[in-house]
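Worksheet: the structure to be examined is printed underneath.
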Amino acid sequence: MLKVCKFGGTSMADAAAIRKIKDIIGADAARKYIVVSAPGKRNKDDIKITDTLYACYRDLEEKGNCKARFALIRERFLGIVKDLGLSLNFDEILDRTEAEITEKKSADFTASRGEYLAARLVAEYLGFEFVDAEDMIRFDSHGRLNDEYTDDKVKTRLKKVEKAVIPGFYGRDYEGKVKTFSRGGSDITGSVIARGVSADLYENWTDVSGFLVCDPRIVPEAKTIRQITYKELRELSYMGASVLHAEAIFPVMKGKIPINIKNTFKPEDAGTMIVPNEQYKAVGDDVITGIAGKKNFTVIFIEKSMMNSEVGFVRRVLSVIEHHGLCIEHVPSGIDTLSIVLESEQLQNGVLTDIVNEIRENVSPDYVHVIENISLIATVGHGMARRRGTAATLFTALAKAGINITMIDQGSSELNIIIGVANADYEKCIRAIYDAFIGAQK
Ligand code: ADP
Ligand code: ASP
Ligand code: MG
Numbered sequence: 013m014l015k016v017c018k019f020g021g022t023s024m025a026d027a028a029a030i031r032k033i034k035d036i037i038g039a040d041a042a043r044k045y046i047v048v049s050a051p052g053k054r055n056k057d058d059i060k061i062t063d064t065l066y067a068c069y070r071d072l073e074e075k076g077n078c079k080a081r082f083a084l085i086r087e088r089f090l091g092i093v094k095d096l097g098l099s100l101n102f103d104e105i106l107d108r109t110e111a112e113i114t115e116k117k118s119a120d121f122t123a124s125r126g127e128y129l130a131a132r133l134v135a136e137y138l139g140f141e142f143v144d145a146e147d148m149i150r151f152d153s154h155g156r157l158n159d160e161y162t163d164d165k166v167k168t169r170l171k172k173v174e175k176a177v178i179p180g181f182y183g184r185d186y187e188g189k190v191k192t193f194s195r196g197g198s199d200i201t202g203s204v205i206a207r208g209v210s211a212d213l214y215e216n217w218t219d220v221s222g223f224l225v226c227d228p229r230i231v232p233e234a235k236t237i238r239q240i241t242y243k244e245l246r247e248l249s250y251m252g253a254s255v256l257h258a259e260a261i262f263p264v265m266k267g268k269i270p271i272n273i274k275n276t277f278k279p280e281d282a283g284t285m286i287v288p289n290e291q292y293k294a295v296g297d298d299v300i301t302g303i304a305g306k307k308n309f310t311v312i313f314i315e316k317s318m319m320n321s322e323v324g325f326v327r328r329v330l331s332v333i334e335h336h337g338l339c340i341e342h343v344p345s346g347i348d349t350l351s352i353v354l355e356s357e358q359l360q361n362g363v364l365t366d367i368v369n370e371i372r373e374n375v376s377p378d379y380v381h382v383i384e385n386i387s388l389i390a391t392v393g394h395g396m397a398r399r400r401g402t403a404a405t406l407f408t409a410l411a412k413a414g415i416n417i418t419m420i421d422q423g424s425s426e427l428n429i430i431i432g433v434a435n436a437d438y439e440k441c442i443r444a445i446y447d448a449f450i451g452a453q454k
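All letters in the sequence shown, in the order written, are residues 13 to 454 by the working numbering.
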């Protein structure tokens, strides 16, 4: 049995949390490769090391040095070193890091040092070898993970290392410079390492006992999802359920390695198991697995009689969006209608008006209508395909709650129904769906 464990920011926040990490690792000899995040928040008002590092970079740009800000990083790490009673000369490591940050003047390099320093510290504390992620993880010239190259490197680098601590969040770009994943990216590092060493399990240790059916800030009593498939999780995390980075499932998916989301502060809780379809064992009779959503979308609704018989209609509409270099979120369509859903942020400074005018010129629609301030909410569950009447339950619940649905998109996978509602109805909508499917089970 071989396990890769990733510990997130809260699990690294102070000496007490890091002691818990040691207990967890000590409790199971299979936990051999450990990926760590930079120390996160110790309380609600605290600042994550990563955010302080980005601020260091801004200071560097604006003032030419980041001495004062880096002192905060130094103080935080030295505090942990002292509390853990480590004899390591961390001052020297911090001096060198500060000098490198100042010399390199790179936002990614600066941000990556939180994980670097965290991994150096934890390696010393556990008595494991420190293995740098920059020697294994590579991005291609488009900034995407070069997964085959990386997988090869992980295999060869870790083959002879029995127990290692590896910093999360970064690797090297195609020119060899340090580059980070997007925020929360240590989850991806853990996944890459799990695949590379052919782990039996990827344990992702965080501050909640698994994936909840929906955001606990909206439904405080939300239940924990015990088991979920990769595909369902992909839908949920893409739609904003933020426990695990949305891209973290791809590497483990290739190796069919299950992920277990666990709570560092309640290690006895089972957490959530994320598994390939074929490993899913149905328990109970849940129709839906989870609900997630994102705010601030714009829907461009286009109507034209007989649009389906007009060759190239959709392409001409979409080419307008493409010319503006924008990404489309969804394109639900009917017989004579087509809606384009885009993130509102992309449409500022007159872009929306330009797009609407260009659509009018390109395809002469009967009618174009723009609806702004829309939230998208995904109701996900592979049980939905089996069960008749799921959509009816959903829409009845929303009608009862007085929520107007602007857009409906039922994914062809039958795994997911996405609806658009006014931003103002976002929380109410998630609550209504939860009550209709999960609350009713009580
Ligand atoms: P880490 O620092 O360990 O990577 P994150 O902050 O990235 O942890 O993710 C865990 C947090 O995700 C939880 O503390 C919780 O506030 C939030 N969260 C959002 N949606 C959900 C959900 N559906 N289930 C559980 N937690 C959620
Ligand atoms: N420390 C990084 C962040 O705050 C990466 C991570 O925690 O996964 O985004
Ligand atoms: Mg995270």
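The C-beta atom is built at its ideal place from N, Cα and C for all residues, glycine as well.
Hey, would you say Phe325 sits closer than 8 Å to Lys32, going by beta carbons? no
The ligand ASP heavy atom lying under 7 Å from the CB of Arg195: yes
Within 10 angstroms of the Cβ of Asn101, are there 16 or more other Cβ atoms? Answer buried if so, exposed if not. exposed
Considering just the uninterrupted stretch of the beta strand (DSSP E) at Lys18, what are its terminal residues? Lys15 to Phe19
Is it the case that the CB of Glu141 approaches a heavy atom of the ligand ASP more closely than 7 Å? no
DSSP three-state call for Thr405: helix, strand or coil? helix
For the ligand MG, any of its heavy atoms closer than 7 Å to the Cβ of Asp199? yes
When you compare the CB positions of Lys457 and Lys94, do they come within less than 8 Å of one another, or not? In the structure as shown, the chain starts at 13 and stops at 454, and residue 457 therefore has no counterpart that could be examined.
Taking the beta strand (DSSP E) that Tyr182 belongs to, which residues open and close that run? Tyr182 to Arg184
Which residue from Leu170, Gly432, Thr192 and Lys34 puts its Cα closest to that of Arg306? The amino acid occupying residue 306 in the given sequence is Lys; Arg does not appear at that position. It is Gly432.
Measuring from the CB of Gly12, is there a heavy atom of the ligand MG at a distance below 7 Å? As shown, the chain starts at 13 and ends at 454. That puts residue 12 outside it, with no answer to give.
Lys454 versus Leu90: straight-line alpha-carbon distance, rounded: Note that Lys454 scores a pLDDT of 48, beneath 50, so its modelled location is shaky and nothing firm can be said.
What distance in whole Å lies between the Cβ atoms of Ile389 and Ile430, which are believed to be in contact at a cut-off of 8 Å? 7 Å
Suppose the cutoff is 7 Å on Cβ atoms and the five residues either side in sequence are ignored; what does the same chain contact list for Val332 look like? Ile367, Glu370, Ile371 and Asn374
Among residues of its own chain, excluding the 5 on either side of His336, which ones have a beta-carbon nearer than 7 Å to its beta-carbon? Val363 and Ile367
Return the bridge partner residues of Ile46 from the DSSP annotation. Cys17 and Val177
Would Ser194 be called buried (16 or more neighbouring beta carbons within 10 Å of its own) or exposed? exposed
Apart from the five residues on each side of it in sequence, which residues of its chain come closer than 8 Å, Cβ to Cβ, to Lys189? Ser118, Asp120 and Phe121
Between Pro279 and Ile46, what straight-line distance do the alpha-carbon atoms span, to the nearest angstrom? 16 Å
Compute the Euclidean distance between the alpha carbons of Asn55 and Asp26, then round it to the nearest angstrom. 11 Å
Pull the bridge partners of Tyr379 from the DSSP assignment, please. Glu315
For a test of the three-state rule: what should DSSP assign to Tyr438, helix, strand or coil? helix
What three-state label does DSSP hand Ile261 in the structure shown? helix
What do you get for Ser376, buried or exposed, if any count of 16 or more other CB atoms within 10 angstroms of its CB means buried? exposed
Per-residue burial, Asp107 [other beta carbons within 10 Å of its own, 16 or more giving buried]: exposed
Sequence-distant residues of its chain with Cβ nearer than 6 Å to Cys226 (five each side left out): Ala234, Ile303, Ile442 and Tyr446
Can you find a heavy atom of the ligand ADP that lies under 7 Å from the Cβ of Phe151? no
Could you work out which residue in Phe313, Leu98, Asp40 and Val231 is closest to Ala448 when comparing CA atoms only? Val231
Among Thr418, Arg169 and Ser198, which residue has its Cα nearest to the Cα of Ala123? Ser198
Quick check: what's the CA-CA separation for Asp212 versus Asp147? 23 Å
Tell me His342's beta-bridge partners as DSSP assigns them. Val353
Cβ atoms of Val204 and Ile149: under 8 Å apart, would you say? yes
Which term fits Ile61, buried or exposed, when burial requires 16 or more other beta carbons within 10 angstroms of its beta carbon? buried
Cβ of Ser249 within 7 Å of any heavy atom in the ligand ADP? no
Quick check on this structure: which residue in Met319, Ser356 and Lys79 has the alpha carbon closest to the alpha carbon of Leu350? Met319
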